[in-house]
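Following: one structure in structure tokens, then a few remarks.
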Amino acid sequence: MSPKSNQVVITLVSFLTYFVLSSMLAPIGILSGPMAEHFGQSITDVTKQFSWLTGGILVGAVIALFIFDWISLRKLFIAIYGLVALVLLSFVTVDSLESARYILAFVGVGSGVGLAGAAITISHSYSEDRRASMLVITDGSFSVAGFAIAWTATYLVGQEFGWSATYQLIGFIAATVAILAAISRFPNTLPEEHAAKPSPWPLSVWLCVISLFLYTLGQYSMLFWLPNYAATILDAQPGQAGSLVGQFWLGMFLAQVFVAWWVLKVGVRRLVLIASATTFCGSLPLWNVSDIEWLIVLALVWGFANLALLKAILSFATEMIEVPSTRLVSLLLLGATVGTAVSPYVTSQIVEWTDTKTILLFGSGCYGALFLLMLVARKLDLRKSFNP
Numbered sequence: 001m002s003p004k005s006n007q008v009v010i011t012l013v014s015f016l017t018y019f020v021l022s023s024m025l026a027p028i029g030i031l032s033g034p035m036a037e038h039f040g041q042s043i044t045d046v047t048k049q050f051s052w053l054t055g056g057i058l059v060g061a062v063i064a065l066f067i068f069d070w071i072s073l074r075k076l077f078i079a080i081y082g083l084v085a086l087v088l089l090s091f092v093t094v095d096s097l098e099s100a101r102y103i104l105a106f107v108g109v110g111s112g113v114g115l116a117g118a119a120i121t122i123s124h125s126y127s128e129d130r131r132a133s134m135l136v137i138t139d140g141s142f143s144v145a146g147f148a149i150a151w152t153a154t155y156l157v158g159q160e161f162g163w164s165a166t167y168q169l170i171g172f173i174a175a176t177v178a179i180l181a182a183i184s185r186f187p188n189t190l191p192e193e194h195a196a197k198p199s200p201w202p203l204s205v206w207l208c209v210i211s212l213f214l215y216t217l218g219q220y221s222m223l224f225w226l227p228n229y230a231a232t233i234l235d236a237q238p239g240q241a242g243s244l245v246g247q248f249w250l251g252m253f254l255a256q257v258f259v260a261w262w263v264l265k266v267g268v269r270r271l272v273l274i275a276s277a278t279t280f281c282g283s284l285p286l287w288n289v290s291d292i293e294w295l296i297v298l299a300l301v302w303g304f305a306n307l308a309l310l311k312a313i314l315s316f317a318t319e320m321i322e323v324p325s326t327r328l329v330s331l332l333l334l335g336a337t338v339g340t341a342v343s344p345y346v347t348s349q350i351v352e353w354t355d356t357k358t359i360l361l362f363g364s365g366c367y368g369a370l371f372l373l374m375l376v377a378r379k380l381d382l383r384k385s386f387n388p
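Written as structure tokens, this is what we have:
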């Protein structure tokens, strides 16, 4: 395989890695109801079980802080996604919620490591001037999976294929990742390949880590509970409520196609401020409208308003460091992963104590705090630029 073809294939592997993770997370709000019926549990109890998935992602993200110093990217992708494919396909035999939670935990660990591996692959395969754009496109893959799998899950549930059919489909995608990795060459991540001493991390980098935590916590506070809010408060039909998640991811995808070009014009430093402001403002109408038709439109607008914020923050942080290491990329993703990991449990508790509207307000609050942190990080970054 030629170097150019190899770069295309490993980039595709990275994109599919994001696709698999998004496909696991996106339909939670859609599948929690059918799962509750199947296992005879409440929706809040079932949603809490997805903490095994998100907790596994967190464990995987922690493992990713050091595992790339010991095992090559190629071996990890083959082993992880080969096993993930097998366990997802085994969902057809699951007859208890306890068995399901262990499968979700395993997939979570693998996805946590794989997500970091994908970001590292992109960071090491493209020059700095193209890195931000390519990282944004990986988020595009995440969003494509979000709306495609959300709509697929809604259809499969409506056709009475069962809640597990969606995850079995994802198993075939994971198998594709393992096969493509087996025929490819990946960048080396072993310590001897990177002799340059990593630069110290300034406070602004740590603010980015916290911001990524707030971003995913706010996002999944909305996505997990918006369908339920629409069904219980606005009396939406199941198809209408389920479409909200797909609308969000469609808006995200459209924004990421736009941002992949726009970031080359405005720069990632401006983008993080614009995107953090629009993400916050775009979330406010979601819990202020009483018409489901308007809410469906607003979910699309909110998705677009995110403007690839997660990868914009990640790119912003790596540009603060002269020699961004694999550990830095893993730490930034860990911040986002912690937010994802705690969201099922935290949001379920908030809903139990209050109601589904309050959790949407909580999501907006996370975005507001994120915007303030980005203002501070940008100011610190400007000060460093003028005082090197």
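Going by the numbering used here, the sequence shown opens with residue 1, and the numbers climb by one from there. A virtual CB, placed ideally from N, CA and C, is assigned to each residue, including glycine. As the structure is a computational prediction, the values presented were derived from the model and not from experiment.
Inter-residue CB distance, residue i and residue j (contact presumed, cutoff 8 Å)
{"i": "V268", "j": "A132", "result": "5 Å"}
{"i": "L244", "j": "L226", "result": "5 Å"}
{"i": "A275", "j": "A308", "result": "7 Å"}
{"i": "F253", "j": "G140", "result": "6 Å"}
{"i": "G246", "j": "F147", "result": "4 Å"}
{"i": "A61", "j": "L375", "result": "Actually they do not touch by this definition, with Cβ atoms about 26 Å apart."}
{"i": "A231", "j": "Y81", "result": "The Cβ separation is near 35 Å, so there is no contact."}
{"i": "M320", "j": "P187", "result": "That pair is no contact at about 22 Å."}
{"i": "T17", "j": "A118", "result": "4 Å"}
{"i": "T47", "j": "S348", "result": "5 Å"}
{"i": "G29", "j": "F224", "result": "5 Å"}
{"i": "F77", "j": "A145", "result": "Wrong, their Cβ atoms sit about 17 Å apart, outside the cutoff."}
{"i": "S364", "j": "S290", "result": "Wrong, their Cβ atoms sit about 17 Å apart, outside the cutoff."}
{"i": "L214", "j": "C366", "result": "5 Å"}
{"i": "L286", "j": "L298", "result": "6 Å"}
{"i": "P27", "j": "I149", "result": "6 Å"}
Terminal residues of the alpha helix (DSSP H) in which residue i lies
{"i": "G395", "result": "Outside the shown range of the chain, which is 1 to 388, sits residue 395, and nothing can be said about it."}
{"i": "G40", "result": "Note, G40: premise wrong, no alpha helix (DSSP H); not H, not E."}
{"i": "P344", "result": "T326 to W353"}
{"i": "L307", "result": "From DSSP, L307 is part of no alpha helix (DSSP H); its letter is neither H nor E."}
{"i": "S22", "result": "P3 to L25"}
{"i": "V93", "result": "It should be pointed out that residue 93 corresponds to Thr in this sequence rather than to Val. Segment: none, T93 is in no alpha helix (DSSP H) and carries neither H nor E."}
{"i": "W52", "result": "S51 to I67"}
Cut-off 6 Å between Cβ atoms - residues of its own chain near residue i, not counting five sequence neighbours on either side
{"i": "V87", "result": "I103 and F106"}
{"i": "T11", "result": "none"}
{"i": "P34", "result": "V157 and W163"}
{"i": "H194", "result": "Note that H194 scores a pLDDT of 48, beneath 50, so its modelled location is shaky; the value from the coordinates is reported in the next line. Closer than 6 Å at the Cβ level, and outside the excluded window around H194, lies no residue."}
{"i": "V84", "result": "V107, G110 and A174"}
{"i": "A236", "result": "A230 and I292"}
{"i": "K311", "result": "L135, V136 and D139"}
Close-in-space but distant-in-sequence residues of the same chain around residue i (CB under 7 Å, 5 per side omitted)
{"i": "T337", "result": "I57, L58, A61 and G112"}
{"i": "F316", "result": "C208, V268, R269 and V272"}
{"i": "Q240", "result": "A230, I292 and I296"}
{"i": "S14", "result": "A118, T121, I122 and T138"}
{"i": "S211", "result": "I313, L370, L373 and M374"}
{"i": "H38", "result": "W163"}
Own chain residues within Cβ distance below 8 Å of residue i, not counting five before or after
{"i": "I120", "result": "F68, L73, P187, T189, T326, V329 and S330"}
{"i": "Q7", "result": "S125"}
{"i": "I63", "result": "V109, G112 and V113"}
{"i": "F280", "result": "S364, Y367, G368, L370 and F371"}
{"i": "F66", "result": "R327"}
| message | Is it the case that the region 163 to 173 contacts the region 292 to 305, given that we only count it when at least three CB pairs across the two stretches are under 8 Å? | response | no
| query | Considering only residues of the region 160 to 232, which uninterrupted alpha helix (DSSP H) runs meet the minimum length of 4 residues and lie entirely inside it, listed in chain order? | reply | 164 to 182
| Can you list, in chain order, the stretches of the alpha helix (DSSP H) that have 4 or more residues and sit fully within the region 231 to 288? | 238 to 266 and 268 to 283
| request: Tell me, please, whether the region 108 to 117 touches the region 211 to 221 by the rule of three or more beta-carbon pairs shorter than 8 Å. | output: Not touching, per the Cβ criterion.
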